[in-house]
Amino acid sequence: MKLTIYSRLRNKIESSELLVPIVYVLTQNKLFRELSYFVARRRIKEFEKKKIFGLAIENSCLCNAKCVFCPNTNMKRKKIIMGMDVFNKLVERLKEEKVTLRFVNLTGTGEPLLDKNIFKKIKILKKEFPEANLFLPTNFSLATKEVIEKLIDSGLDTITISLNADNAADYKKLMGLDFDKTVSNIENLIKIKKERNSKMVIMLTIVVNDINAENVKGFYEKWSDKVDAMAVNGVHSWGGAVKQYNSKKYWKIRYACRNLFEQIVVQANGDIVLCCLDYEGTTVGGNVMKDKVMDAFNLGKIGKIKKMHFNGEVSKIDMCRQCRFSERGMDWLV
Ligand SMILES: C[S@@+](CC[C@H](N)C(=O)[O-])C[C@H]1O[C@@H](n2cnc3c(N)ncnc32)[C@H](O)[C@@H]1O
Ligand code: SF4
Ligand code: SF4
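Pasting the structure below:
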């Protein structure tokens, strides 16, 4: 596994409580705020001018797991699979509106492998948006041999497997799933990828929390030679819905959120919502079945919040004030 210096540094910061105060001192000051905002505003204008964005498609908001750090289990919104009608309309609109996609994140608050049309959808995206990097975050518990072969055949660029633990007991506590089954699925994937000479990138992720914090190093060492990439992520609060780990609760200086400006988020019913953390869909800009994607993404409720982020008024927005993605402003600089 080869990681960039930025990825290594990011993984260290996410997993080490010791580094948090250093990041705090570096980012919670006026000078850094000026720098981050200067770069952010230039890049936001560039995204808008060139119409280059990322896209998150929630193919399923149903899930087979019960992760303690995810609000899916208690989510009140209707749990469905995105129909092909909604998916096709979304693709049609993006083409008509001449949007260039830098990446497509094939998930939302749910498990994408519950969607039997997922392979068909990936093939369509690959054909219509060949420039986009397609990645699929999944708990991988449902990955049979057939699923693995179909994923490889679909042309998916990266599979991001959320394993989160290095032992069965932690895994059960954290996700409520069978550890041995998922590990065996990952081993099958590595084997089949090799046999087929596939270029699909296999990434493993771990969300650091009170249950697994001590095992992050072991997790890393166990898998780093077997997979292509690994990411360590601190728990985010889903806009205040779950407890955040490894972070000062009240970081005063807030930054424009890169996700908000960079990624169009479409939920399973076709609603275009604020961001991938808006799991209940509280801020809806429009619906792909009746609205233009760019209008929903730039005007109305989402447009209003974007303006506030652009103007440095993030602390006035309830969800964003409690969110770690407006906390550091560092991601604009890489
Ligand atoms: C919401 S899940 C959806 C896809 C799939 N069900 C999965 O778990 O990979 C997408 C990613 O968000 C991560 N995630 C969920 N809750 C989180 C939290 N509170 N903080 C950080 N990452 C989180 C998951 O581990 C996963 O990698
Ligand atoms: S993190 Fe993924 S696997 Fe876990 S409950 Fe949420 S959607 Fe399901
Ligand atoms: S800062 Fe706001 S817009 Fe950005 S991810 Fe958090 S809740 Fe969403």
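Letter 315 of the sequence shown, counting from 1, is numbered 510 in the working numbering, and no numbers are missing.
All C-beta atoms in this analysis are idealised placements derived from N, C-alpha and C, irrespective of residue type, glycine included.
Bear in mind that the values here come from a model prediction, so they are computed numbers and not experimental data.
In terms of Cα proximity to residue 252, the closest of 206, 203, 287, 302 is 302. The segment 370-396 contains, as complete alpha helix (DSSP H) runs of 4+ residues, the segments 374-390 (chain order). When DSSP reads this structure, residue 356 sits in a beta bridge with 333, 399. Residues close to ligand 3 by the beta carbon criterion (under 6 Å to any non-hydrogen atom) are, from first to last along the chain, 434, 452, 454, 455, 469, 470, 472, 514, 515, 518, 520, 521. Counting C-beta atoms within 10 angstroms of its own C-beta, residue 522 has 16 or more neighbours from the protein chains shown and is therefore classed as buried. Note on geometry: alpha-carbon atoms of residue 400 and residue 300 lie some 15 Å from one another.
Every unbroken stretch of the alpha helix (DSSP H) spanning 4 or more residues and falling wholly within the segment 450-486 is given here in chain order: 453-457. Here the alpha carbon of residue 237 sits roughly 44 Å from the alpha carbon of residue 386. Note on geometry: alpha-carbon atoms of residue 395 and residue 414 lie some 22 Å from one another.
Excluding residues up to 5 positions away in sequence, 483, 487, 488 lie with their Cβ nearer than 7 Å to the Cβ of residue 288 in the same chain. Remark: the shortest separation between the CB of residue 475 and any heavy atom of ligand 2 does not fall under 7 Å.
Counted as a single uninterrupted DSSP element, the beta strand (DSSP E) harbouring residue 248 occupies residues 247-252. For residue 500, the closest of 470, 525, 431 by C-alpha to C-alpha distance is 470.
With respect to residue 451, residue 467 sits apart: the two C-beta atoms are not nearer than 8 Å. Taken from the Cβ of residue 407, every heavy atom of ligand 2 lies 7 Å or farther away. Taken through DSSP and simplified to helix, strand or coil, residue 425 comes out as strand. Taking C-beta atoms under 8 Å as the contact rule, residue 518 and residue 369 fail to qualify, at a distance of about 22 Å. Ranked by how close their Cα comes to the Cα of residue 422, the residues 326, 410, 356, 520 have 356 in first place. With contacts defined as CB atoms closer than 8 Å, residue 196 and residue 474 fail to qualify as a contacting pair.
In summary, residue 529 is exposed, with fewer than 16 beta-carbon neighbours lying within 10 Å of its beta-carbon over all protein chains present.
Following the DSSP letters along the chain, one finds residue 346 in no beta strand (DSSP E) but inside the alpha helix (DSSP H) bounded by residues 340-349.
Only residues of its own chain outside the window of five on either side were considered, and among them 302, 306, 307, 308, 354, 355, 356, 357 have a CB closer than 8 Å to the CB of residue 333, listed in chain order. Look at residue 267: its beta carbon is less than 7 Å from one of the heavy atoms in ligand 2. Checking the 7 Å criterion, the Cβ of residue 432 is out of range of every heavy atom belonging to ligand 2. Within 7 Å of the C-beta of residue 260 there is at least one heavy atom belonging to ligand 2.
For residue 239 and residue 375, the gap between their C-alpha atoms comes out near 44 Å. The nearest non-hydrogen atom of ligand 2 is less than 7 Å from the C-beta of residue 306. In this model, residue 447 and residue 223 are separated by some 7 Å (Cα to Cα). Per the DSSP secondary-structure output, residue 299 pairs in a beta bridge with 250, 329.
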